[in-house]
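Residue numbers (our numbering): 11 to 189.
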């Protein structure tokens with residue numbers, strides 16, 4: 011059954027395809043910081059196509075959007091994408107604490123999350139993808155394994171070993187000091 015896509019139903023298309031497109035980009039992305047940019051560029055490209063053509067008739071619009079995302083990823087990384095020889099930059103990340111926070115617990119929670127994320131970003135891209143998909147996208151371990159072409163036990167191993175290392179290596183606010 012063919013479906014007609016147009017600017018009028020863009021929001022519906024976006025809502026129906028967002029999660030799968032996000033999952034695809036996370037799995038194919040070489041740097042987790044690029045995910046939001048690539049996702050945004052994918053939907054901007056779809057919007058431009060719909061605006062230019064007024065409507066498109068497709069059998070499977072999800073695959074069409076994944077195709078746009080694939081092209082965006084390839085262009086974004088250029089030769090690096092083809093060579094898969096890309097490493098994560100060890101940039102310093104500034105803390106962005108909103109001025110309207112009133113409770114110390116909110117500040118501590120955010121600082122702890124940032125410390126954990128900074129630690130995770132030092133790991134290899136597979137660890138980063140697993141954590142992003144598990145905690146941000148809230149995918150099940152079986153879904154992550156399928157998307158990353160890994161066994162479930164391997165995904166669990168990476169996830170739980172990294173959690174153990176976080177508990178050991180990352181100093182969190184509120185932790186009891188060893189005296």
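Ideal Cβ placement from N, Cα and C applies to all residues, glycine included.
So for residue i, helix, strand or coil by DSSP?
i	result
residue 67	strand
residue 39	coil
residue 103	Here residue 103 scores only 40 on pLDDT, less than 50, and its place in the model should not be relied on; the value that follows carries that caveat. Coil, per DSSP.
residue 82	helix
residue 88	coil
residue 22	helix
residue 28	helix
residue 132	coil
residue 51	helix
residue 148	coil
So, are the CB atoms of residue i and residue j less than 9 Å apart?
i	j	result
residue 154	residue 144	yes
residue 32	residue 83	no
residue 80	residue 38	yes
residue 170	residue 42	no
residue 68	residue 16	no
Which residue from the options puts its Cα closest to that of residue i?
i	options	result
residue 70	26, 139, 166	26
residue 135	82, 76, 45	45
residue 125	159, 146, 176	176
residue 19	56, 163, 160	56
residue 157	24, 35, 58	35
residue 28	167, 88, 72	72
residue 167	179, 151, 159	151
For the beta strand (DSSP E) holding residue i, just list the boundary residues, first then last.
i	result
residue 13	13-16
Let's see if you can read the secondary structure: which residues bound the alpha helix (DSSP H) around residue i?
i	result
residue 177	162-179
residue 153	151-158
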